[in-house]
Each structure stands twice: as C-alpha cells, then as structure tokens.
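To start, the structure itself, in structure tokens.
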Amino acid sequence: MSGNTSITAGALRYVSQALGLLALGFMAGPVLAGTLKISTLYPPGSAPVRSLTELSVELENATNGAVTLKVYPGGVMGDDATVMRKLRIGQLQGALVSSSTLEALGVEFSDLSQPFQFDNLGDVHQARQTFDATMRERLAERGWYGFGPLDGGFSYVMSQQPVADLAGLRASKLWLPNTDAIRELSQQIRVDYQVLGIADVLPALETGALNTLVAPPSAALTLNWHSRVGYLTDQPVVYTWGMLVLPERSLARLTADQQAAARRVLTLWASQLDAHMRDSNLAADQALRQQLTEVSIAPPTLSSIRAELGQPERPGNGS
Numbered sequence: 001m002s003g004n005t006s007i008t009a010g011a012l013r014y015v016s017q018a019l020g021l022l023a024l025g026f027m028a029g030p031v032l033a034g035t036l037k038i039s040t041l042y043p044p045g046s047a048p049v050r051s052l053t054e055l056s057v058e059l060e061n062a063t064n065g066a067v068t069l070k071v072y073p074g075g076v077m078g079d080d081a082t083v084m085r086k087l088r089i090g091q092l093q094g095a096l097v098s099s100s101t102l103e104a105l106g107v108e109f110s111d112l113s114q115p116f117q118f119d120n121l122g123d124v125h126q127a128r129q130t131f132d133a134t135m136r137e138r139l140a141e142r143g144w145y146g147f148g149p150l151d152g153g154f155s156y157v158m159s160q161q162p163v164a165d166l167a168g169l170r171a172s173k174l175w176l177p178n179t180d181a182i183r184e185l186s187q188q189i190r191v192d193y194q195v196l197g198i199a200d201v202l203p204a205l206e207t208g209a210l211n212t213l214v215a216p217p218s219a220a221l222t223l224n225w226h227s228r229v230g231y232l233t234d235q236p237v238v239y240t241w242g243m244l245v246l247p248e249r250s251l252a253r254l255t256a257d258q259q260a261a262a263r264r265v266l267t268l269w270a271s272q273l274d275a276h277m278r279d280s281n282l283a284a285d286q287a288l289r290q291q292l293t294e295v296s297i298a299p300p301t302l303s304s305i306r307a308e309l310g311q312p313e314r315p316g317n318g319s
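Residues 1 to 319, numbered by our numbering, are exactly what the sequence shown covers, in order.
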C-alpha cells in the first residue's frame with residue numbers, strides 16, 4: 001500500500017511540475033521570432049546593405065533580443081520572382097525591392113511610376129506627401145508590412161549617340177528592365193528593347209549589342225555603364241523607388257509590445273535611409289552630368305511624348 005502511495009505521490013509531483021512549467025510558458029507569451037532573413041539586389045557594401053546590418057542591432061535592442069536581421073545582398077537569393085516565392089513559403093521573411101517587384105503582390109503602385117510623369121524632384125516630393133501612406137495601406141490590405149518608399153532617383157535615357165525623341169529611342173538598341181509594366185509600356189509606345197540580365201548590360205554595351213539604356217545615375221555609376229555611353233537626357237524618364245516588405249506573419253510570433261517596437265524601429269530606419277538615398281542620388285546625378293553630354297528634349301517633343309502616353313499636359317520642362 002505504501003508503495004502505491006509513493007508512486008501516486010511521485011506522479012502527482014511530476015504532473016504538478018509539468019503544469020507549472022506549462023503555466024510559465026503561457027505567461028511568457030508567444031515564441032520569439034528569431035532571425036528575419038532579408039534579401040536585396042543591392043550589392044555588399046552599399047548604403048542600403050550597411051543600413052540593414054546596423055538595423056539588426058537596433059531591432060535586437062528594441063525587442064529585448066527577440067528579433068535580429070540576416071541580410072542576403074547582391075541578389076544571392078535569386079531574381080525578383082524567386083525572392084517573392086521564397087517570401088511566400090517562409091524561406092525569407094523580407095525583401096528590399098524595387099517598385100516594379102510589387103507587381104507580384106497585386107498592389108497598384110503606378111501613382112508614382114508613370115513615364116515622363118514628373119519634371120523635377122519638387123513634383124515628386126509633393127506627390128509623396130499622400131502617396132507614401134497610401135502605398136503602405138495598400139500593402140497592409142494584402143497582408144504585408146511596407147517600410148518606405150525609399151528614394152531611387154530619376155532614370156534617364158543614356159546612349160552612345162544623342163537620343164532626343166521617341167524616333168531616336170525606337171531606332172536604338174535599347175535595354176530596359178523586363179517587367180510587366182515595361183512590357184506594357186513598350187507595346188503602347190512601340191519601342192522594342194532587349195531582355196538581358198543586369199550583369200550582361202555592360203558587355204553588351206562594349207560589343208555594340210546595346211547602345212542605349214534607361215537607368216538612374218547611381219546605378220550607371222555603380223555598374224560602370226556610364227563608361228560606355230556619352231549622352232544622357234536632361235528630362236527624367238521615370239522616378240524610381242523601393243520598399244522593404246515583410247509578410248505580416250514575419251512578426252506575428254512576437255508579443256504586441258515587441259511588434260510595436262519592431263514597426264517603430266523599421267519606420268524610423270526607412271525614413272532615415274530615404275533621406276540618405278535622396279542625397280546620394282542627387283550627388284550621383286551631378287557627378288554623371290560632369291562626365292556625359294546632356295541632350296535636351298524640346299518642349300513640343302515632350303508634349304508629344306506625353307500625349308502618346310496619355311499623360312496630361314503641363315507647363316514648363318525642367319529637370
């Protein structure tokens with residue numbers, strides 16, 4: 001009888017300890033999120049990659065060690081389509097992507113990305129007063145956090161021979177990023193372009209397979225494309241921007257306080273990086289214009305281009 005009593009008491013003690021540990025587990029809250037794996041096409045050593053590395057420390061401090069970042073730069077996680085697939089299956093928890101990549105999320109983003117929409121950065125900054133919050137709201141409706149937008153600067157036509165109108169663009173050997181929006185646009189204005197990976201653009205310029213491209217000055221300088229062209233337009237073609245996007249489930253395992261802290265830190269990071277990128281892109285633009293010859297697009301020509309694109313007429317033509 002005493003043996004049975006001893007066994008029963010031991011079992012009760014075991015159950016009591018287990019229930020106590022279980023109760024502590026509930027009191028401790030959700031399981032910590034751990035490391036957020038973030039992909040970007042920006043190369044190692046670039047300002048965005050450096051800022052993401054610094055952000056990891058800030059996130060860890062703000063969330064009591066619950067969140068850190070691991071950055072995968074230079075496209076090592078694959079192209080945009082591959083990265084978006086990895087985000088959906090949870091292999092990645094976030095990505096710093098260009099606006100064109102957001103097409104894959106079914107989010108309307110063209111408010112800020114129409115060709116020949118803007119004449120100068122003042123126009124862009126005015127539009128962003130309402131656009132930034134609207135873009136983040138659209139992402140949230142799809143179950144995504146969006147931090148940004150982040151300034152990418154204007155893209156310009158850069159060429160080996162002067163290009164000042166659509167006829168010149170149609171006659172050129174042109175490279176453009178191959179996105180759904182670009183494909184639709186090229187059909188609309190009857191401009192053909194070559195589909196090449198970013199790494200193949202410089203060799204193609206060197207061999208003559210390409211003689212014209214549309215890109216931001218910062219990209220042209222970083223990738224050395226500027227060394228194989230001699231001209232660029234004074235009129236911006238399109239404003240470029242990016243965002244850090246994370247599926248909401250990336251932070252779902254955090255406590256409410258930790259989630260709020262993480263969002264606060266990420267929002268501040270995006271604001272600071274946006275300002276830094278804006279200054280950096282302006283400096284790149286100025287540096288490029290010291291090395292290349294500007295080509296002016298005449299106001300009547302610009303009006304004609306906008307009419308073909310369905311853009312509204314506007315006074316002036318500045319850069």
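Ideal placement from N, C-alpha and C gives every residue a C-beta, glycine not left out.
Residue 31 burial status per 10 Å Cβ neighbour count (16 or more: buried) | Reliability of the predicted coordinates at residue 31 is poor, the pLDDT of 36 falling under 50, and no value is obtained from them.
Measure the alpha-carbon distance for residue 298 versus residue 136 and round it to whole angstroms.
-> 37 Å
If residue 77 sits next to residue 71, beta carbons under 8 Å apart, how far is it from one beta carbon to the other, in whole angstroms?
-> That pair is no contact at about 10 Å.
If you draw a straight line from the alpha carbon of residue 123 to that of residue 237, how long is it in whole angstroms?
-> 14 Å
Start-end ranges of the alpha helix (DSSP H) lying completely within the stretch 158 to 194, minimum 4 residues = 166 to 170, 180 to 189
Skipping 5 residues on each side, what residues in its chain have a beta carbon closer than 6 Å to that of residue 217?
-> 284, 285, 288
Assuming residue 295 and residue 162 form a contact by the criterion Cβ under 8 Å, report the distance between their Cβ atoms to the nearest whole angstrom.
-> 5 Å
Within 8 Å, strictly: CB atoms of residue 272 and residue 229 | no
Alpha carbon of residue 176 to alpha carbon of residue 99, nearest angstrom = 15 Å
Would residue 125 be called buried (16 or more neighbouring beta carbons within 10 Å of its own) or exposed?
-> Residue burial is scored here from C-beta neighbours: residue 125 has fewer than 16 other C-beta atoms within 10 angstroms and is therefore classed as exposed.
Cα-Cα, which of 206, 233, 240 is closest to residue 225?
-> Distance check between residue 225 and each of 206, 233, 240 places 206 closest, using alpha-carbon atoms only.
Outcome for residue 274 when other beta-carbon atoms lying within 10 angstroms are tallied against a minimum of 16 | buried
Output the distance between the C-alpha atoms of residue 89 and residue 203, rounded to the nearest integer angstrom.
-> 35 Å
For residue 297, the residue or residues it bridges with in DSSP = Paired residue(s): none; residue 297 is not in a bridge.
Grab me the residues of residue 181's own chain with a C-beta within less than 8 Å of its C-beta, minus the 5 sequence neighbours each way, in chain order.
-> 100, 103, 110, 113
Which of the three DSSP states, helix, strand or coil, is assigned to residue 240?
-> strand
What span of residues does the beta strand (DSSP E) with residue 320 cover, start to end?
-> Since the first residue shown for the chain is 1 and the last is 319, residue 320 is missing from the structure and cannot be characterised.
Between residue 292 and the rest of its own chain, which residues show a CB-CB distance below 8 Å, the 5 nearest in sequence each way excluded?
-> 158, 226, 229, 230, 231, 232
Residue environment, residue 312, which counts as buried when at least 16 other CB atoms sit within 10 Å | Under the 10 Å beta carbon count, residue 312 is surrounded by fewer than 16 other beta carbons and is classified as exposed.
For residue 255, write down the residues that DSSP places opposite it in a beta bridge.
-> Residue 255 pairs with nothing; no bridge assigned.
Looking only at its own chain, which residues have a Cβ that is under 7 Å from the Cβ of residue 262, when we skip the five neighbours before and after it?
-> 59, 62, 63, 67, 251, 254
So, helix, strand or coil for residue 197, using DSSP?
-> Reduced to three states, the DSSP call for residue 197 is coil.
Which of helix, strand or coil does DSSP assign to residue 113?
-> DSSP, reduced to helix, strand and coil, places residue 113 outside both helices and strands of the structure shown, so it counts as coil.
Could you check where the beta strand (DSSP E) with residue 215 kicks off and where it finishes?
-> 212 to 215
Rounded Cβ spacing between residue 277 and residue 47 (contact assumed at less than 8 Å) = 7 Å
Please name the residue or residues paired with residue 40 in a DSSP beta bridge.
-> BP columns for residue 40 point to 96.
N-terminal and C-terminal residue of the beta strand (DSSP E) that residue 69 is part of = 67 to 72
Would you mind sorting residue 300 into buried or exposed? The rule is 16 or more other CB atoms within 10 Å of its CB.
-> exposed
Whose C-alpha, out of 193, 304, 145, is nearest the C-alpha of residue 93?
-> 145
Label residue 85 either buried or exposed according to how many other C-beta atoms from any shown protein chain fall within 10 Å of its C-beta, with 16 as the threshold for buried.
-> exposed
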